[in-house]
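Chains as they are written, first to last, in the UniProt record's numbering: chain A, 1 to 380; chain B, 1 to 380; chain C, 1 to 293; chain D, 1 to 293. Heads up, the thing below is written out as structure tokens.
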Amino acid sequence: MDLDLDAKTLEFRDEVRDWLAEHVPRDPLPPMDSDEGFPLHREWERGLAEARLSAVTWPYEYGGRDASLLEWLVFEDEYYAAGAPSRVSANGIALLASTLFAFGTDEQRDRVLPRMARADDIWAQAWSEPEAGSDLAAVRSRATKTDGGWLLSGQKTWSSRASHADRAFGLFRSDPGAQRHRGLTYFMFDLRADGVTVRPIQQLDGVPGFAEIFLDDVFVPDDDVLGAPGEGWRVAMTTAGNERGLTLRSPGRFMAGAERLVDLWHANPDPRVADRVTDAWIGAQAYRLYTLGTISRLAEGGTLGAESSVNKLFWSELDVALHDTALDLLGADGELAGPRPPGWQSGHLFALSGPIYAGTNEIQRNVVAERVLGLPRGDR
Amino acid sequence: MDLDLDAKTLEFRDEVRDWLAEHVPRDPLPPMDSDEGFPLHREWERGLAEARLSAVTWPYEYGGRDASLLEWLVFEDEYYAAGAPSRVSANGIALLASTLFAFGTDEQRDRVLPRMARADDIWAQAWSEPEAGSDLAAVRSRATKTDGGWLLSGQKTWSSRASHADRAFGLFRSDPGAQRHRGLTYFMFDLRADGVTVRPIQQLDGVPGFAEIFLDDVFVPDDDVLGAPGEGWRVAMTTAGNERGLTLRSPGRFMAGAERLVDLWHANPDPRVADRVTDAWIGAQAYRLYTLGTISRLAEGGTLGAESSVNKLFWSELDVALHDTALDLLGADGELAGPRPPGWQSGHLFALSGPIYAGTNEIQRNVVAERVLGLPRGDR
Amino acid sequence: MRFALSTEQKELAASVHALLSSADLQAVAARWAAGDHEPGLDLLGRLAKIGVTELAEFPVELVVVFEELGRHAVPGPLIESYAVAPALGITGDLATVALPPHVPYALDADVAAPYVVDGDAVCRAEVGAPLTSVDPARRLFEVRPGEWVGTASDEALDVGMLCQSAQLIGLGRGLLDRASEYVTQRRQFGRPVGEFQAVKHHLANVLVALEFARPLVHAAAVTGDTRDISAARVAAADAAWLAARAALQVHGAIGYTREHAMSWALLKVKALRSAWGTQTWHRRRVLTSLRSR
Amino acid sequence: MRFALSTEQKELAASVHALLSSADLQAVAARWAAGDHEPGLDLLGRLAKIGVTELAEFPVELVVVFEELGRHAVPGPLIESYAVAPALGITGDLATVALPPHVPYALDADVAAPYVVDGDAVCRAEVGAPLTSVDPARRLFEVRPGEWVGTASDEALDVGMLCQSAQLIGLGRGLLDRASEYVTQRRQFGRPVGEFQAVKHHLANVLVALEFARPLVHAAAVTGDTRDISAARVAAADAAWLAARAALQVHGAIGYTREHAMSWALLKVKALRSAWGTQTWHRRRVLTSLRSR
């Protein structure tokens, strides 16, 4: 059992650190889901891609550099520590790409991944529907077979990035007679295609971080079915596992946040808030170490299961507590949302979504109790 | 809206305060459920009764002094502030007596209440059964009609005071064909009667604060049925309301505890614990004020409903938090359970039972959600 | 001792509630946030007609009204105009007051007559740059002291804090009401969300917190004691924030949008948590006063 | 970087677990509490045979073993004998050590060779009055320094704190296992208690707390850093106490009795919360070390 980084990883870390020190914009970019911020974030992603830093764990041929999970984690640590921009490509790189690696054809990978790595295509997720929030299996949007492809119709909602993104992925009911998890198919589709209407939704912070997508007989070629028709649920669940688990929330966010919180506390070291600052820092360490344990297990052939839910419960609550504490330390300025004080308010608003999205924490607790602790399933 | 005590109440307060100053034992009595402590607590109750302080709100004829609810509250404030002994008569005075006032016959009141006020009879409650913990309606112990009375058989458990008490009260199934809340009858019975076996149960603190009661054809005369046969559930629920609500936990316990906590903090004013001390003190104030509001409403003809559950949730959590904080302030001595440090450890152990007994807090939250907030009933 | 609202006080609350229920507060707030004050000013005019501007001498009535103003998440410099300005001897219609350090910025200084308390002095305020609050309906401005107009009193700050406590209770109650209604109607996994025990327990905890914070606010109104005011504010702000978190959680994603009225109340609670003194400051004030027993 | 237990370490844990599973620990603890040490000493003898007394130089193995010792709520001066005494150069079988101010009393000084660390000095202890711990199986004694036997090192206190962190994780895990089993069997309102969402969520929260505290303990064993040890202890004690509270709550009244094995673990957690440094002290040590960045 050791925590030492080997020479190759340290070398990689230095490369990343140097690159970020040179390239991270001095002033934060405007929000990535704003009209102004979106193209700037795409441009940032292109710069990352040129340095082969946009998707470090991918194979070289798709734009990555075959980095290990440990290197990925080191990359993320450096990325957040440097205060680099939010990843507008995250839906694609973290969610869709994993699914493509697991279920995609060579043709699909060749076609989709390099464009994704270079941010030529920015992807939105399209999981939820108005009547299917946390209950993903309640999908009603439908796919009808047609010549050479499918026609998609229906409505998706809470689609992150969809206000500005190029393409989207999600489940559609391809067998109208099937119920719940059966008869679903996983599609990639173009948000600019005929029949698609996108209605941005303003989040708490006023930025349209997600959108509704209305689809009216949108043609999608057979090539854009991921996995076999009717197998969508199984295909999607690998992605959902990723969303809830390892790849979406790297320890870097919390490590960097905790360090900033400690600095903030130093500026006004109120002992009455000290314990909360300490617990946030300890929590971030715990999250990082837990992730190192997961990486070690995966490196030895282990797999991720219900611990994705354990994981999500921890980071989502840590994130809220950490930002709560920061706002309390800011005193009367804690309510300000502008560039002053930097980032805490938007970080707090973002943190508040953590316990909701990718399966509410209530659902995650059920999963943990039933699948990890073996408690009896109950339908409430 | 005013918080002023009138002259009569102030005069009563002074009388109580003076009496307590003179009579409260300098050293705490041994635990009331110990062999050594039980008779001393009975003796203490007799002294209270001589001063007409054992049941102040009762009519004069039964040993009380017709005190108002406000006077009762003032009495309790003084009682706890003086560090007076635990009330070994509480089951009778707080639970059974309310039921007797509501459902008893004159003969029952005359026979039972004066002896209760003088602690000639100390009462145990006998609500729970092995298969009916929080689910009181799952009672299986049965009552069979016989000449001039009933024969009780079955098993009760978690009967507080039963290790040493004289008599007990509880529900028995008098109609073997009836289910759940139907066909139950409320009985008072003698713990020394033929056919009764009491098995004391050691609580966390090692003291047998409750017991199992085994009943084998125990004869109980008709006179000891409270309310009509078959009406036991309705009769019992008024008592349960009291147990969970106003009369069981007076603000005095929390006010006195919070003041002692503030003193403890002064002795070692660690700012890192200051906020928890403050919140305990605020919580005790809130509980007292809430109770004053309840008293005011009752004085104007209001009744208690589901707010008993609101009430129980608050005091039980406050009590745990308050004692948690005290133990933390005591440092390494926080684990000691002897006379040094005084009372905090036993208070903490007692507080831990609060979220469990008289209906677990999980059940109380259901009650609040369904009966106060109007959320849909669900059977989970 | 009679610790209950009078019939008249309950009627006052009911009349404010009735008036506000007839307005589309979400639209009012959205337009106020965009700098279009007309519908808001119209609403405040109607509130003035039923007497809410004349309660500065009656703290219990003030908290009764502010609970309703909070419950409906009414925008505007209400604490400042109805309670603080009168306590400072400022007369007139709509006023706003900064009281540094606890209230460093002036709320809605573009629509209300701006003042600033500078040590012992009450001054007209020179209005500086606008600032962005997390609550878009709270339009904040930097201010500097200008012309001297009178002498300040500590009571002005305290009555502001008292009214804010009541406003927070009301905001919490409004959030709880919305959440209870939503979970009764919204279905997931084939049943109303409100049947799930986790949802029930979240909302029951909110109710408990609010029910026990309210008496502290009422008692603080009765006594006017600074310790009681801070105790009330601590409990009220914690209860309101618990309500905001629970309401967001049981709403799910829809509560995370500006399109939903719930979110406006949530953002207001979020902003008010640190306005009128931090929780830490108020807790310190309570415990400090207990030292001197 | 390889942050996972080796096969050998897992086997060590399994062998300790197997040995302890074959004993009736509740009976052992009850007799130990009554001053009848025989069954306990017999058990410790069997533990010694599988090598647990020879791990003082191997902190990762120590925490692996102490998690199992906690999981089964084994009584006795285990931290003192297996970790602290060796770090102080004390040899021999069963030893107990007081390290004031954090460990002011000597555990089981009536059955183990008693020592006390007095500033820089390690001394034999003169044993004074017995004290009552809330955990009846923790028999505490006042001690005074006697004969000088050696020089103390700070590492002794830290390795004690490290082992205690692991013991707390184990206690929490044992409580969680018992609670999960109980709610799966116990029926109320016509169904297993474990079907209720509130019960599920209590226990899920415990699992999360334990899962994220354990890596801190392992990391502290690897680095030996004082900050890491205190961080581990803070998280482990909080997680264990959460486990104790949740286990008691889902057991209901039966958990509140000494007749139930669960309660022995609960009382041990309760006692250990303030032994080996308070949570406040450990948190302060973490944050203080972060000041010096």
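All C-beta atoms in this analysis are idealised placements derived from N, C-alpha and C, irrespective of residue type, glycine included.
Residue contact check for residue 272 of chain A against chain B: a CB pair falls below 9 Å. The straight-line gap separating the alpha-carbon atoms of residue 188 of chain C and residue 355 of chain B is approximately 30 Å.
The three-state reading of DSSP puts residue 1 of chain B in coil, since its state is none of H, G, I, E or B. Annotation: the continuous beta strand (DSSP E) that includes residue 123 of chain A extends over 123-126. Pairing residue 125 of chain A with residue 159 of chain A gives a Cβ-Cβ distance under 9 Å. Residue 104 of chain A is bridged by DSSP to nothing; it lacks a bridge partner.
Between residue 10 of chain C and chain B, the shortest Cβ-Cβ separation is not below 9 Å. Proximity to residue 99 of chain D across D/82, D/86, D/117 peaks at D/117, based on C-alpha coordinates.
Around the beta carbon of residue 22 of chain D, fewer than 16 other beta carbons sit within 10 angstroms, so the residue counts as exposed. The count of Cβ pairs closer than 8 Å, one atom from the segment 40-54 of chain A and one from the segment 301-315 of chain A, stays below three, leaving the stretches out of contact. In the three-state DSSP reduction, residue 144 of chain D falls in the strand class (E or B). Between residue 156 of chain D and residue 87 of chain D the beta-carbon gap is near 4 Å, inside 8 Å, which marks them as a contact. Close CB contacts of residue 25 of chain D within its chain, under the 7 Å cut and outside five residues either way in sequence, are with 72, 73, 74 (chain order). A Cβ-Cβ distance of about 6 Å is found for the pair residue 92 of chain C and residue 113 of chain C, placing them in contact under the 8 Å criterion.
A residue is called buried when at least 16 other Cβ atoms come within 10 angstroms of its Cβ; residue 267 of chain A does not meet this threshold and is exposed. Assignment of residue 12 of chain B by DSSP, reduced to helix, strand and coil, places it in the helix class. For the pair residue 285 of chain C and residue 265 of chain A, the Cα-to-Cα distance works out to about 21 Å.
Secondary structure of residue 214 of chain B (DSSP, three-state): strand.
In the DSSP annotation of this structure, residue 167 of chain D is not part of any beta strand (DSSP E); the continuous alpha helix (DSSP H) holding it starts and ends at 154-185. In the structure shown, the three-state DSSP call for residue 150 of chain B is strand. Taken in chain order, the complete alpha helix (DSSP H) segments of 4 or more residues contained in the segment 258-308 of chain B are 271-299. Any Cβ of chain B closer than 9 Å to the Cβ of residue 132 of chain C would place that residue at the interface, and such an atom is absent. Residues of chain B with a Cβ closer than 8 Å to the Cβ of residue 184 of chain C are, in chain order, 374, 375, 376. Looking only at B/207, B/106, B/269, the smallest Cα-Cα distance to residue 59 of chain B is reached by B/106.
For the segment 162-192 of chain D, the beta-carbon criterion of a distance under 8 Å to any beta-carbon of chain A is satisfied by 176, 180, 183, 184, 191, 192. Looking at the DSSP output, residue 231 of chain A sits in a beta bridge with A/184.
In the DSSP annotation of this structure, the continuous segment of the beta strand (DSSP E) that includes residue 169 of chain B starts and ends at 167-173. Note that the C-beta distance between residue 129 of chain D and residue 175 of chain D is not below 9 Å. Of all residues in the segment 264-288 of chain C, only 266, 267, 270, 271, 272, 273, 274, 275, 276, 277, 278, 279, 280, 281, 283, 284 come within less than 9 Å of chain A when Cβ atoms are compared, listed by chain position.
Taking the C-beta atoms as reference points, residue 240 of chain D is found nearer than 9 Å to residue 272 of chain D.
Contact with chain A is absent for residue 24 of chain C, since none of that chain's Cβ atoms lies less than 9 Å from the residue's Cβ. For residue 279 of chain C, the number of other beta carbons within 10 angstroms of its own is at least 16, and it is reported as buried. Approximately 19 Å separates the beta-carbon atoms of residue 137 of chain D and residue 251 of chain D; this is outside 8 Å, ruling out the contact. By DSSP's assignment, residue 199 of chain A forms a beta bridge with A/212.
Excluding the 5 residues flanking it on each side, residue 323 of chain B has same chain C-beta neighbours closer than 6 Å at 347, 348, 351, in chain order.
For the C-beta of residue 297 of chain A, the chain D residues within less than 8 Å are, from N- to C-terminus, 4.
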